[in-house]
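K.L.:
Reading the sequence shown from the start, the letters are residues 29 to 280 in the numbering used here. Virtual Cβ for every residue (Gly too), placed ideally from N, Cα, C. Can you read through this structure? Questions will come right after.
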Amino acid sequence: EVTSPTKGFLPPRLSEIQRDAIIDPAAGLIIYNITSKTPNYFDGTQWVSLHNKKPNESATICYQTWMVENLDVATYRDGTPIPEVQDPTKWMTLTTGAWCYYNNDPANGDIYGKLYNWYAVAGIHDNDPGTPNKELAPLGWHIPSNTEWDATISCLGGDSAAGGAMKETGTTHWINPNMNATNISDFTGLPGGFLIDSNPNFQQIGQQGYWWSSTEHSNISSREYFLQYGHGTILNSVLAKQYGLSVRCVKD
Numbered sequence: 029e030v031t032s033p034t035k036g037f038l039p040p041r042l043s044e045i046q047r048d049a050i051i052d053p054a055a056g057l058i059i060y061n062i063t064s065k066t067p068n069y070f071d072g073t074q075w076v077s078l079h080n081k082k083p084n085e086s087a088t089i090c091y092q093t094w095m096v097e098n099l100d101v102a103t104y105r106d107g108t109p110i111p112e113v114q115d116p117t118k119w120m121t122l123t124t125g126a127w128c129y130y131n132n133d134p135a136n137g138d139i140y141g142k143l144y145n146w147y148a149v150a151g152i153h154d155n156d157p158g159t160p161n162k163e164l165a166p167l168g169w170h171i172p173s174n175t176e177w178d179a180t181i182s183c184l185g186g187d188s189a190a191g192g193a194m195k196e197t198g199t200t201h202w203i204n205p206n207m208n209a210t211n212i213s214d215f216t217g218l219p220g221g222f223l224i225d226s227n228p229n230f231q232q233i234g235q236q237g238y239w240w241s242s243t244e245h246s247n248i249s250s251r252e253y254f255l256q257y258g259h260g261t262i263l264n265s266v267l268a269k270q271y272g273l274s275v276r277c278v279k280d
């Protein structure tokens, strides 16, 4: 117990890679993450940042319960590390799960969470087709399918109304004019941008937010849903599985 008014507790200072290499961490273990510059604790299932966040805070939209923050984990549910890949060129050759921060800047992770390729969403952690896939979402949660996304959008009034209902209000993170943003759903969609096969590779932070669906479209692509600053419509399209997008979870 620390009772001194002039001294404090200095937890172990570890990079995110070193943290994730801890074998079977005890629930309640605290470390200082020198990658994101935030204290982290292990809640028995995953590492959680103490940077003004409540783990797995949620909002119920009609009959579905959604996390109100983008996913920010560096391991699969069973503790298997997901590689952080900072080279955008390498990203476009991957066929297994990976994550990065927007612009490889951990400060963006504190706000927008991590960007994941779709292989991480699917839990594909090696190139052996006989190996069972992992689970990216924490225990009790899963990555939403097209059907679940569409049900939430329909409940909020359809594409043209749901976008504004799902966007964080104001211009702290969204650029002007952040049209029709009310966040009446408490989804609190943020414009975390994405990582794509282009120049520059990181694009649209402050302007658009993109989230993967768990539903596969083809062997090279999957569907995603996105919000924009210039209108209140939520749209969807098909993107290459190698791209880096945000992830939200729905409660089982």
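Ignore the nearest five residues each way along the sequence and tell me which others in Thr-124's own chain have a CB closer than 7 Å to its CB.
P.N.:
Only Tyr-147, Ile-152, His-153, Asp-154 and Asn-155 meet the Cβ criterion.
K.L.:
Quick check on this structure: which residue in Phe-37, Gly-36 and Ile-62 has the alpha carbon closest to the alpha carbon of Arg-47?
P.N.:
Of the listed residues, the one whose Cα sits closest to Arg-47 is Ile-62.
K.L.:
Compare the beta carbon distance of Ser-242 and Ser-182 with 8 Å and say whether it is the shorter of the two.
P.N.:
Their beta carbons are not under 8 Å apart, which means Ser-242 does not touch Ser-182 by this criterion.
K.L.:
Ser-249 by DSSP, collapsed to three states: which one?
P.N.:
In this structure, Ser-249 counts as strand in the three-state DSSP scheme.
K.L.:
Which of the three DSSP states is assigned to Val-101 in this structure?
P.N.:
Residue state, collapsed to three classes: coil.
K.L.:
Leu-122 and Tyr-130 - do their beta-carbons sit closer together than 8 Å?
P.N.:
Against a cut-off of 8 Å, the Cβ pair of Leu-122 and Tyr-130 comes out as no contact.
K.L.:
Whose C-beta lies closer than 6 Å to the C-beta of Glu-224 among residues of the same chain, with five residues either side of it excluded?
P.N.:
Looking at the sequence itself, residue 224 is Ile, so the reference to Glu does not match. Result list for Ile-224: Tyr-271, in chain order.
K.L.:
Among the residues of its own chain, which have a CB less than 8 Å from the CB of Gly-141, if the five just before and after it don't count?
P.N.:
Cβ neighbours of Gly-141 beyond the five flanking positions: Glu-97, Asn-98, Leu-99, Asp-100, Gly-220, Ser-274 and Val-275.
K.L.:
At which residues does the beta strand (DSSP E) containing Asn-136 begin and terminate?
P.N.:
Where Asn-136 is concerned, there is no enclosing beta strand (DSSP E), although the alpha helix (DSSP H) it sits in stretches over 134 to 140.
K.L.:
What is the DSSP secondary structure of Ser-182, reduced to helix, strand or coil?
P.N.:
DSSP places Ser-182 in helix when its eight states are reduced to three.
K.L.:
Does the beta-carbon distance from Gly-258 to Ser-188 come in below 8 Å?
P.N.:
Not closer than 8 Å, so no.
K.L.:
Just verifying my parser: in three-state terms, what is the DSSP assignment at Ala-165?
P.N.:
It is coil, neither helix nor strand.
K.L.:
So, is Glu-196 buried or exposed, given that buried needs 16 or more other C-beta atoms within 10 angstroms?
P.N.:
By the neighbour-count rule (16 or more Cβ atoms within 10 Å), Glu-196 is buried.
K.L.:
I'd like the list of long-range same chain contacts for Asn-132, defined as Cβ closer than 6 Å, with 5 residues on each side in sequence excluded.
P.N.:
Answer for Asn-132: Gln-114, listed in chain order.
K.L.:
Where DSSP assigns a beta bridge to Tyr-60, which residues make up the other side?
P.N.:
DSSP output for Tyr-60 lists Arg-41 and Pro-67 as bridge partner(s).
K.L.:
Measuring CA to CA, which of Thr-34, Ala-55 and Ile-59 is closest to Arg-41?
P.N.:
Here the closest residue by C-alpha is Ile-59.
K.L.:
Going along the chain, which residues of its own chain have a beta-carbon closer than 7 Å to the beta-carbon of Phe-222, five neighbours each way excluded?
P.N.:
So the list reads Leu-143, Gln-231, Gln-232, Tyr-238, Tyr-271, Gly-272 and Leu-273, once near-sequence residues are dropped.
K.L.:
If you follow the beta strand (DSSP E) that Ser-242 is in, where does it begin and where does it stop?
P.N.:
Segment 236 to 244, the beta strand (DSSP E) holding Ser-242.
K.L.:
Can you give the beta carbon distance from Pro-166 to Arg-105, rounded, assuming they're within the 8 Å contact cut?
P.N.:
About 6 Å; that satisfies the 8 Å criterion.
K.L.:
Return the bridge partner residues of Tyr-144 from the DSSP annotation.
P.N.:
Answer by DSSP bridge pairing, in chain order: Trp-127 and Leu-273.
K.L.:
Nearest to Thr-93 by CA position, among Trp-202, Trp-169, Arg-251 and Gly-234, is which residue?
P.N.:
Among Trp-202, Trp-169, Arg-251 and Gly-234, the Cα nearest to that of Thr-93 belongs to Trp-169.
K.L.:
State buried or exposed for Glu-44, treating a residue as buried only when at least 16 other CB atoms are found within 10 Å of its CB.
P.N.:
Glu-44 should be labelled buried.
K.L.:
Along the chain, where does the beta strand (DSSP E) containing Gly-260 start, and where does it finish?
P.N.:
Where Gly-260 is concerned, there is no enclosing beta strand (DSSP E), given that its DSSP letter is neither H nor E.
K.L.:
DSSP three-state label for Val-149, please.
P.N.:
In the structure shown, Val-149 sits in a helix (DSSP, three-state: H, G or I).
K.L.:
Mind checking who Lys-195 pairs with in its DSSP beta bridge?
P.N.:
Paired residues: Gly-217.
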